[in-house]
Amino acid sequence: MKALRKEDGFSLTELIVTMVVFVIVIAAASNIFVGILGQFKQQSKIAESNIEGLIGLQMLKTDVEQAGFGLPWNIGTATYAEAVNSGNSITTWDDTLFNDSSGNPPRPFVFGDGGVIANPPLNGSDVLVVKAANIGTAQATQRWTYITNIAATNAVPSYNTTAARWMPDTANENLANGDRVIAIKPVSGTREREMVLSGGANFTIFDVAAYSNNTTIAAGFQPVISSSETHLFYGLGTENLRMPFNRADFYVKRPAVMPSQCSADAGTGILYKATINHADGERNELPLLDCVREMQVVFAYDTTSDGDTSPNAWGPLPVAMTVPEMWNQLREVRIYILAHEGSRDNSYTSSALITATDPNWVGPNPGGAIIYFNAATAGLRNFRWKVFTIVAKPYMQYEVER
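The opening residue of the sequence shown carries number 177 in our numbering; numbering runs sequentially from there.
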């Protein structure tokens, strides 16, 4: 009799159960992976926002601290043009609001109160305008030198053994061929910084030969022989100058195309630095920080002239503040910027109200807040909102008072 062969295997039911368990495990693993990937993407966007904030906002703080650098306090009979408000304007407000009157010395700061000016930046944000020699984007704006008169000789300073140049001898440190420079004469007694004019011109073109032979600089911009004077030369750019300084405007605007991680609503934009072109008075925009909702500015100044330099007044920059008062009284600039980090995160819910208050000035919003944003009403609670605070002390306050 033939022996029967034993056949082992899986039943259909066992196979179905196994496949169901396998699918459940794969689905669970996929969900975990998708969750991890989503968190990774969100954290990456947050890190990107933090890096942008570190770089862009540091640029803003540095420019505010440099306000007034290289500015003349007395421009004599010189006149100049500044920003224009042409059909090519990229802002909604009047670009000429922050111009100084031609024939008057430039103000280190000009302020546009978003609650006052017509057609203001996004959400009534302020406009902060900074004027100085070194806030432009050209390398020439980071360069300066001086010529000193000794008896019958005018001399460019020597800082190394091979040439009369700054140490280290690098392209970023030394004025170069073609750099447009203004000359400032410090005046003893009145302690003013007077702009030097020659033949009606308020700038001259630098020639590197001046490092070994200063006569290559136009004579009218050099110190008078036997005067014991020193003239300071500040680089402003490489094209003929429209104004004897550089200017940068800071504001919040929503461009036609926004970064993908930013809120899609019309109330979120980008913080810009816009320099004024010497060629035509138009703006040249540089984005500093994405996903910005609002920027507000508070100034601190000392009006007492009692020897104590501590501020005794805070708020918007007074419209009637003169140039000498600004130099002698302004102590601090506080900038509050509301922005969100990363992209929308449906697993996160922010506070309904996002606010910021200044320790010394009562703002116009409920509770004296300077920034007051109702994220719930706007339907934007799935974003990580953050208020960036910048406190900058302009170096010009350390200038010797006149």
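Positions of the beta carbon are idealized from the N, C-alpha and C atoms, including for glycine. The structure presented is a predicted model; accordingly, all values stated were derived computationally and were not measured.
- About 5 Å separates the beta carbons of F421 and P282, which is inside the 8 Å limit, making them a contact pair.
- CA-to-CA, the gap between G457 and N207 works out to about 56 Å.
- The continuous beta strand (DSSP E) containing A568 extends over residues 560-568.
- Per the coordinates, the alpha-carbon of P542 lies some 52 Å from the alpha-carbon of N350.
- In the same chain as P248, and ignoring 5 residues on each side of it, the C-beta atoms closer than 7 Å to its own belong to P281, I360, R369, E370, M371, P420, in chain order.
- In the DSSP assignment, H516 is bridged to W561.
- The segment 398-409 and the segment 488-502 do not touch, with fewer than three beta-carbon pairs separated by less than 8 Å.
- The C-alpha of M195 lies about 12 Å from the C-alpha of A203.
- Contact check between the segment 506-520 and the segment 564-574: three or more CB pairs, one atom from each, fall below 8 Å, which counts as touching.
- From the listed residues T392, I358, P431, the smallest Cα separation to T414 is found for I358.
- One Cα belongs to N275, the other to R469, and the distance between them is close to 26 Å.
- Residue burial is scored here from C-beta neighbours: L188 has fewer than 16 other C-beta atoms within 10 angstroms and is therefore classed as exposed.
- In the three-state DSSP reduction, D425 falls in the strand class (E or B).
- Approximately 20 Å separates the beta-carbon atoms of I452 and E241; this is outside 8 Å, ruling out the contact.
- The shortest CA-to-CA distance from E461 to any of A377, A352, R430, P296 is the one to R430.
- Between N416 and R356, the beta carbon gap of about 7 Å places them in contact (Cβ cut-off 8 Å).
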